[in-house]
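Below is one structure; the comments refer to it alone.
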Amino acid sequence: MTDTIFALATARGKAGIAVVRVSGPLALEAAAALGISGLTARQAALRTLIADGEILDSGVMLYFEDGASFTGEKIIEFQIHGGEAVVAALLRFLGSVPGLRLAEPGEFTRRALENGMLDLTQVEALADLIDAETEAQRRQAQKVLSGAIGRRAAEWRKDLIRAAALIEATIDFADEEIPENVIPEVRDIVARLSTEFRAEVDDSRSAERVRAGFEVAIIGAPNVGKSSLLNALVGRDAAITSSVAGTTRDVIEVRMEIAGLPVTLIDTAGLRETEDVVERIGVARAKERAGLADLRVLLLEPGSTPDSWEIEDDDVVAWSKADLFPVANGVSAVSGYGLQWLINEIKVRLEQRVSGSGLLIRDRQRSALRLASESMASARGWLYTDEVSLELVAADLRAASHALDLLVGKIGVERLLDEIFSSFCIGK
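Residue numbers (UniProt numbering): 1 to 428.
Given below as structure tokens:
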């Protein structure tokens with residue numbers, strides 16, 4: 001029989017309300033041990049908790065039946081007063097009830113996965129939702145948590161089953177003439193799935209950036225005001241500023257939020273030829289990080305031109321010291337002039353990338369669908385040979401279906417679970 005587990009589901013520390021969750025076959029017995037009975041599923045009930053003949057607390061009780069709870073098991077939730085002594089007393093009492101034990105980190109969610117209440121992509125999205133720092137991250141995690149990837153995978157699998165059934169039936173009746181409509185229909189299915197898989201993999205890179213955060217590098221000549229601009233954008237002195245050229249010699253990174261998107265601003269060393277060994281290392285690092293960034297802000301001196309720089313189409317070009325020399329696209333870290341314009345420019349460029357982002361938000365998910373895409377490409381190749389190899393097409397269709405099972409966690413998940421659940425709290 002599965003163990004019955006319990007844990008504090010809300011954050012530790014003094015609060016108005018605390019929630020203690022019990023999940024497993026002995027959930028109702030745990031409530032009964034506290035003198036609680038007569039609970040109706042999915043209806044809140046005010047009860048007094050009695051432990052060792054004394055009132056422990058009073059609170060709201062919630063009971064969920066097998067198959068209708070977060071874990072898929074019987075669940076009792078005690079919504080009690082959030083004083084530390086109250087919570088400790090309830091946890092101590094539950095630990096004394098025979099058959100109950102304290103949950104391990106992420107064990108409630110693990111049971112939800114094992115009982116089919118969540119698939120692996122939803123478990124990953126739940127972790128991302130807990131870690132979400134910006135609105136874009138929250139929306140993205142919520143979309144996947146709602147089952148968007150699982151529903152899409154189910155639609156794809158249905159098409160794969162249809163194509164496989166046509167191929168397998170043809171193989172079983174190999175001595176008979178192949179119906180004329182079988183191969184064209186299979187070709188259509190494979191071509192469509194191949195296109196959809198490839199597009200989803202390509203679009204996933206933007207979704208991954210929302211999860212991990214976009215990098216925006218501020219580049220320019222020494223002493224042009226890059227560090228001052230970074231400090232003005234983040235609203236604090238994150239980078240050292242000086243009138244001495246070459247002050248910034250290492251890459252400085254600061255996290256911030258722009259229009260709900262997670263952004264890491266990167267202040268780089270001024271780009272110039274120098275004999276100073278340390279500064280030269282900083283310049284090399286600056287060029288490397290700027291090349292890897294999602295977006296670059298090129299900051300220029302008033303009166304200079306960007307002709308000497310290798311400008312990319314997506315770069316934002318701005319002129320510094322606009323408080324002294326007002327120009328279009330000018331910014332000033334001193335007066336704040338142009339900062340909102342610059343933020344809007346960054347926002348527009350990043351939102352253009354987010355608008356085309358796909359559902360896949362982790363490397364594991366992308367790798368699984370890439371395997372399916374490769375299998376579809378192989379099947380498509382066999383379907384257009386002079387002599388169609390039905391056995392090889394069938395093998396590719398099975399491989400694609402296997403990859404979809406990997407995507408949603410129907411197979412091959414054990415090695416991933418400890419890593420995923422290690423980041424969860426005990427009550428989740």
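The C-beta atom is built at its ideal place from N, Cα and C for all residues, glycine as well.
| Query | Result |
| --- | --- |
| The segment 324 to 340 in contact with the segment 180 to 193 per 3-pair CB rule at 8 Å | no |
| Three or more C-beta pairs below 8 Å linking the segment 119 to 137 and the segment 249 to 265 | yes |
| Span of the beta strand (DSSP E), counted from its first residue to its last, around residue 434 | An answer regarding residue 434 cannot be provided, because it is not within the stretch 1 to 428 covered by the chain. |
| Unbroken stretches of the alpha helix (DSSP H), 4 residues or longer, contained in the segment 131 to 199 | 135 to 145, 148 to 172 |
| Within 8 Å, strictly: CB atoms of residue 22 and residue 4 | yes |
| Stretch pair the segment 118 to 132 + the segment 24 to 32: three plus CB contacts closer than 8 Å | no |
| For residue 84 and residue 115, the rounded distance between their alpha carbons | 33 Å |
| Same chain, Cβ closer than 7 Å to residue 391, neighbours up to 5 away in sequence not counted | 171 |
| Inter-residue spacing [alpha-carbon to alpha-carbon] between residue 205 and residue 366 | 9 Å |
| Any 3 or more C-beta pairs closer than 8 Å across the segment 197 to 214 and the segment 348 to 360 | yes |
| Where residue 13 falls, given that 16 or more other Cβ within 10 Å makes a residue buried | exposed |
| Bridge-paired residues (DSSP) for residue 81 | 17 |
| Top-ranked residue by Cα proximity to residue 80, from 253, 50, 407 | 50 |
| Span separating the alpha-carbon of residue 61 from that of residue 10 | 15 Å |
| Rounded Cβ spacing between residue 220 and residue 342 (contact assumed at less than 8 Å) | Rounded, the Cβ-Cβ distance is 13 Å, inconsistent with contact. |
| Through-space distance from residue 111 to residue 25, alpha-carbon basis | 13 Å |
| Alpha-carbon to alpha-carbon, residue 58 and residue 407 | 45 Å |
| Rounded separation between residue 264 and residue 233 - CA only | 11 Å |
| Minimum length 4: unbroken alpha helix (DSSP H) runs contained in the segment 326 to 402 | 339 to 354, 363 to 383 |
| Backbone secondary structure at residue 267 - three-state DSSP | strand |
| Proximity below 8 Å, CB of residue 230 to CB of residue 254 | yes |
| Element boundaries [alpha helix (DSSP H), containing residue 109] | 107 to 114 |
| Coarse secondary structure for residue 220, derived from DSSP in three states | strand |
| Residues bridged to residue 257 [DSSP beta-bridge criterion] | 262 |
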